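> Sequential numbering from 1073 applies to the sequence shown in my numbering.
By construction, the Cβ of each residue, glycine as well, lies at the ideal position given by its N, Cα and C atoms.
Source: prediction; values computed, not measured.
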Amino acid sequence: MAQTLDAYVDAIAKRRSQFVPDAAWRDTRKGYAIEPVGAAPHSTQIHAMALVQDASILLSGGADGYVRWYDLPASLNGRNMLTQNLRSTFVEGVTKGGVLNAWWGHAHYPPGDSSSQEPPLSAVHSLTCQREGLWGMSGGESGNINLWGIRHAPGATRHVFWKHTGAVSALALNGSQDVLISGGWDRGVHEWDLNTGQTVVSYDGCAGQISSILFRPVYSPSNAPTVAITPGAAEKEAESPDESMLAAELDKTLDEEAGKSAEEAGPLSSSDGKGDTKDVSRSTPESDGDSLFGEDDETQPMEVDQSNNTPGVLALPGQNTGTPQPDKADTPNLPKKQDTPTLPGNAGTPVLPGKSDASASGEKSTVPETQALPRVNVSELPKPSFGSMGLSWQYDGDISQFSNDILLTSTLSGQVLIWDRRVDPRNKKGVRALELPKDTPPWCASACWSNNGDRIYVGRRNETVDEWDVRMLPDLSGAPRDASHGTAPRYLRALRMPPGSGPVSSVLMLPNDQHLVCASYDNIRLWNTAAEQRSSVPFKIIAGHHGGTVSHMVVDDSAKLLLTASGDRGWFASSTETLLMHTVHPL
1073 MAQTLDAYVD AIAKRRSQFV PDAAWRDTRK GYAIEPVGAA PHSTQIHAMA LVQDASILLS
1133 GGADGYVRWY DLPASLNGRN MLTQNLRSTF VEGVTKGGVL NAWWGHAHYP PGDSSSQEPP
1193 LSAVHSLTCQ REGLWGMSGG ESGNINLWGI RHAPGATRHV FWKHTGAVSA LALNGSQDVL
1253 ISGGWDRGVH EWDLNTGQTV VSYDGCAGQI SSILFRPVYS PSNAPTVAIT PGAAEKEAES
1313 PDESMLAAEL DKTLDEEAGK SAEEAGPLSS SDGKGDTKDV SRSTPESDGD SLFGEDDETQ
1373 PMEVDQSNNT PGVLALPGQN TGTPQPDKAD TPNLPKKQDT PTLPGNAGTP VLPGKSDASA
1433 SGEKSTVPET QALPRVNVSE LPKPSFGSMG LSWQYDGDIS QFSNDILLTS TLSGQVLIWD
1493 RRVDPRNKKG VRALELPKDT PPWCASACWS NNGDRIYVGR RNETVDEWDV RMLPDLSGAP
1553 RDASHGTAPR YLRALRMPPG SGPVSSVLML PNDQHLVCAS YDNIRLWNTA AEQRSSVPFK
1613 IIAGHHGGTV SHMVVDDSAK LLLTASGDRG WFASSTETLL MHTVHPL
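#1: Residue 1178 and residue 1152: beta carbons closer than 7 Å?
#2: Suppose you measure from the CA of residue 1312 to the CA of residue 1618; what does that come to, to the nearest Å?
#3: Could you say which of 1501, 1156, 1120 lies nearest to residue 1469 if we only look at CA atoms?
#4: Going by beta carbon distance, what residues of the same chain come within less than 6 Å of residue 1234, once the five residues before and after it are set aside?
#5: Residue range of the beta strand (DSSP E) that residue 1270 falls in?
#6: Checking the sheet assignment: what are the DSSP bridge partners for residue 1235?
#7: Can you find at least 3 beta carbon pairs, one from the region 1624-1631 and one from the region 1599-1615, that sit closer than 8 Å?
#8: Are residue 1660 and residue 1467 touching if we call contact CB-CB under 7 Å?
#9: Please report the distance separating the alpha-carbon of residue 1232 from that of residue 1214.
#10: Pull up the distance between the alpha-carbon of residue 1586 and that of residue 1659, whole angstroms please.
#11: Mark residue 1093 as exposed unless 16 or more other C-beta atoms lie within 10 angstroms of its C-beta, in which case mark it buried.
#12: At 3 residues or longer, and completely inside the region 1510-1592: list those beta strand (DSSP E) runs for me, N to C.
#13: Give the single residue among 1523, 1525, 1515, 1544 whose Cα lies nearest to the Cα of residue 1535.
#14: Could you pull out every unbroken alpha helix (DSSP H) segment of at least 4 residues lying fully inside the region 1236-1265, listed in chain order?
#15: By DSSP, does residue 1194 sit in helix, in strand, or in coil?
#16: From residue 1164 to residue 1115, what does the alpha carbon distance come to, in whole angstroms?
#17: Give the straight-line distance between the Cα atoms of residue 1653 and residue 1111, rounded to the nearest whole angstrom.
#18: In chain order, which continuous runs of the alpha helix (DSSP H) of length 4 or greater are located wholly inside the region 1126-1162?
#19: Under the rule that 16 or more other beta-carbon atoms within 10 Å means buried, what is residue 1160, buried or exposed?
#20: Thinking just about the alpha-carbon of each residue, which of 1229, 1290, 1209 is nearest to the one in residue 1264?
#21: Keeping to the same chain, check which residues put their C-beta closer than 7 Å to that of residue 1402; ignore five residues upstream and five downstream.
#22: State buried or exposed for residue 1390, treating a residue as buried only when at least 16 other CB atoms are found within 10 Å of its CB.
#23: Since residue 1539 and residue 1567 should fall inside the 8 Å C-beta cutoff, what is the C-beta to C-beta distance between them, to a whole number of angstroms?
#24: Grouping DSSP H, G and I as helix and E and B as strand, with all else coil, what is residue 1116?
#25: Which residue comes first and which comes last in the beta strand (DSSP E) that contains residue 1637?
#26: Smallest Cα separation from residue 1580: which of 1600, 1085, 1510?
#27: Suppose you measure from the CA of residue 1158 to the CA of residue 1166; what does that come to, to the nearest Å?
#28: Leaving out the 5 sequence neighbours to the left and right, which residues in its chain are closer than 7 Å to residue 1228 when beta-carbon positions are compared?
#29: Excluding the five sequence neighbours on either side, which residues of its own chain have a C-beta within less than 6 Å of the C-beta of residue 1637, listed in chain order?
#30: Return helix, strand or coil for residue 1471, following the three-state DSSP convention.
#31: Check whether the Cβ atoms of residue 1243 and residue 1211 sit closer than 7 Å, and answer yes or no.
#32: Tell me which same chain residues have a C-beta within less than 7 Å of the C-beta of residue 1197, skipping the five on either side of it?
#33: Leaving out the 5 sequence neighbours to the left and right, which residues in its chain are closer than 8 Å to residue 1497 when beta-carbon positions are compared?
#34: Could you tell me the alpha carbon to alpha carbon distance between residue 1078 and residue 1471, rounded to whole angstroms?
#35: Taking Cβ positions, are residue 1108 and residue 1616 nearer each other than 7 Å?
Right, dumping it as structure tokens:
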């Protein structure tokens, strides 16, 4: 009996080992050729999809309250071809239609009563299924989570989970598939024990409707080495040669002007014409380490527009930063130009004409007019109060002390939280919030991990994708970590889509950990995250989708198929109401 059980377990492990990306898919650095081959029109908003491990069963759910089961191999083999009228609505190459095996409704059962004969249907907002296709689960707009069979008695409801009071917008199964994490519009995130059907833990603290729930990957499908990038390396790349030269010329001009007026104005004070001395050390020009064109590595990508080299655009006259600037006159070993007086018009207190010593001497300033604007240190500006919904100060756990069991949640209000599942959620040491970058609206419909669990990508409404470095988390490979990474997630940069692309509603990382699929309103793009920042086009368009909100994207375990669905997920947006099937080949 023991030998039979061991043989069964070995057979399962051998079968599952076949569903991993091949070496060509993992190691490619040139990218992928992703071509649309088929479509499954739904005539309703498609909110969610789920795929079994061998990609034989595809499930979709939408606003009409039905779950559809598609035979994916038959669909891709052309058993059901699209009509000529339908083909004309898609791009060239989309000729195959979806083969529908079965469908059933997501029934809304009142709490405590699952015996109703004809319960009303509820819109399907989330889906997940067992990897072998034995059973699946759907989250409805009414707050119920239904468990039903797939291979045996498809659609027959076996159990109903009652806890949420709003639409269940996200479902996720753990690796052993005995634990379910659910999140909904009621801002609740609950962990369910599927052996008992009861909630085990509730993750309180989310400040908006849950948009995505993801477990950190427990292994990396890529054999490519991970190159450690220290903060100093990224900081050196922050300035371009042209910007550095322009900054040097500006500093030289300031030094020359400061030398002319040093004898009249004095080293640390200026006169207002009445004999009173005013401290102007707070408004002295900044040092080279904090120039107009380069900020700290953590804030520079989103806070300074690299395409705008005009000096003085960081602060407008009369701008109130909300945070007093630090007194740099008290800092030891300042560069020489820090000890020079502030030029007229550059001081924190306006200097009236005829009252300044420099003006009385008849000297004319040679500094460009744009430099008369007050300087503001962008790195010292306060973060938006709405960042992480104002709760980031509560969720500042040291993630270097987290376990390997990590959960990521995101909300439509822009909050992104990292949870250590082995720590009591009521203990704030086990949860960390990603701060909202400057000039980023509080919105997030999708987030994803890199395959090795070292990075997080967050889709935003302002046509960008935030990239975060979380390499201070426990290393799953056992390799030594660089202590310079610190104990907090590090914001790296923002991948900016072309203007007019629309919000990034879905993101997905491909097996090589280099190419990211980003879905916007206009198109779906394959972004090369390793491309040079100065390259002309770091992405290419994936044909198929155009003009609608992409609700969900799924890639199979072998990374040979990409599935995209269009729907608003109940958040009032437009949709093409179509599920598209793509093939993926490495270049």
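A quick look at the data gives this:
#1: As a working mapping, residue 1178 is identified with position 106 in the sequence shown. As a working mapping, residue 1152 is identified with position 80 in the sequence shown. Taking 7 Å as the Cβ cut-off, residue 1178 and residue 1152 do not qualify as a contacting pair.
#2: For the purposes of this step, residue 1312 is taken as the residue at position 240 of the sequence shown. For the purposes of this step, residue 1618 is taken as the residue at position 546 of the sequence shown. At residue 1312, the pLDDT of 39 sits below 50, so the modelled position is not reliable; the number obtained from the coordinates is stated separately. So the two alpha carbons sit approximately 35 Å from each other.
#3: Counted from its first residue, the sequence shown places residue 1469 at position 397. It is 1501.
#4: As a position in the sequence shown, residue 1234 is number 162, starting the count at 1. Hits under 6 Å: 1183.
#5: Locating residue 1270 in the sequence shown gives position 198, where the first residue counts as 1. Run containing residue 1270: 1270-1274, per the beta strand (DSSP E) assignment.
#6: If you number the sequence shown from 1, residue 1235 lands on position 163. The partner list for residue 1235 (beta bridge, DSSP) is empty, contrary to what the question assumes.
#7: no
#8: Look at the range of the chain in this structure, 1073 to 1659, and you will see that residue 1660 is not part of it.
#9: Residue numbering aside, residue 1232 sits at position 160 when the sequence shown is read from its first letter. Residue numbering aside, residue 1214 sits at position 142 when the sequence shown is read from its first letter. Between residue 1232 and residue 1214, the C-alpha separation is close to 12 Å.
#10: Here the question's residue 1586 lines up with position 514 in the sequence shown. Here the question's residue 1659 lines up with position 587 in the sequence shown. Using only the alpha carbons, I get a separation of about 13 Å.
#11: The sequence position of residue 1093 within the sequence shown is 21, counting from 1. Per the 10 Å Cβ criterion, buried.
#12: 1519-1521, 1527-1531, 1536-1541, 1562-1568, 1578-1581, 1587-1591
#13: By one-based count along the sequence shown, residue 1535 stands at place 463. Distances from the alpha-carbon of residue 1535 to those of 1523, 1525, 1515, 1544 put 1515 closest.
#14: none
#15: As a working mapping, residue 1194 is identified with position 122 in the sequence shown. Coil, per DSSP.
#16: For this step, residue 1164 is matched to residue 92 along the sequence shown. For this step, residue 1115 is matched to residue 43 along the sequence shown. Approximately 21 Å, taken between the alpha carbons.
#17: Locating residue 1653 in the sequence shown gives position 581, where the first residue counts as 1. Locating residue 1111 in the sequence shown gives position 39, where the first residue counts as 1. For residue 1653 and residue 1111, the distance between alpha carbons rounds to 6 Å.
#18: 1144-1148, 1156-1159
#19: As a position in the sequence shown, residue 1160 is number 88, starting the count at 1. Looking at its Cβ environment, which holds fewer than 16 other Cβ atoms inside 10 Å, residue 1160 is exposed.
#20: As a working mapping, residue 1264 is identified with position 192 in the sequence shown. That would be 1209, whose Cα lies nearest to the Cα of residue 1264.
#21: On the sequence shown, residue 1402 is found 330 positions in, with the first residue counted as 1. Note that residue 1402 scores 44 on pLDDT, short of 50, meaning its location in the model is unreliable; the coordinates nonetheless yield the value given after this. Answer for residue 1402: no residue qualifies.
#22: What you label residue 1390 is simply residue 318 of the sequence shown in a count that begins at 1. Because the pLDDT at residue 1390 is just 40, under 50, the model does not fix this residue reliably, and the value given afterwards should be weighed accordingly. Only exposed fits residue 1390, as fewer than 16 other CB atoms lie within 10 angstroms of its CB.
#23: Here the question's residue 1539 lines up with position 467 in the sequence shown. Here the question's residue 1567 lines up with position 495 in the sequence shown. Indeed, because the Cβ distance is near 7 Å, the residues count as touching under 8 Å.
#24: For the purposes of this step, residue 1116 is taken as residue 44 along the sequence shown, with counting starting at 1. Coil.
#25: In the sequence shown, counting from the first residue as 1, residue 1637 sits at position 565. Boundaries of the beta strand (DSSP E) around residue 1637: 1633-1638.
#26: Residue 1580 sits at position 508 when you count from the first residue of the sequence shown. Considering only alpha carbons, the answer is 1600.
#27: Numbered from its first residue, the sequence shown carries residue 1158 at position 86. Numbered from its first residue, the sequence shown carries residue 1166 at position 94. C-alpha separation (whole angstroms): 9 Å.
#28: Your numbering for residue 1228 matches position 156 in the sequence shown. 1220, 1221.
#29: Here residue 1637 refers to the residue found at position 565 when the sequence shown is read from its first residue. Contacts found: 1118, 1121, 1623, 1624, 1651.
#30: Your numbering for residue 1471 matches position 399 in the sequence shown. Note: residue 1471 maps to helix in three-state DSSP.
#31: Locating residue 1243 in the sequence shown gives position 171, counting from the first residue. Locating residue 1211 in the sequence shown gives position 139, counting from the first residue. Yes, the pair counts as a contact, with Cβ atoms nearer than the cut-off.
#32: For this step, residue 1197 is matched to residue 125 along the sequence shown. Closer than 7 Å at the Cβ level, and outside the excluded window around residue 1197, lie 1119, 1120, 1211, 1212, 1213, 1239, 1240, 1241, 1641, 1642.
#33: Start at 1 with the first residue of the sequence shown, and residue 1497 comes out as number 425. Around residue 1497: 1273, 1274, 1275, 1276, 1277, 1491, 1503.
#34: Position 6 of the sequence shown holds residue 1078. Position 399 of the sequence shown holds residue 1471. Taking the straight line from one Cα to the other gives about 38 Å.
#35: Numbered from its first residue, the sequence shown carries residue 1108 at position 36. Numbered from its first residue, the sequence shown carries residue 1616 at position 544. Yes, these two residues count as a Cβ contact at 7 Å.
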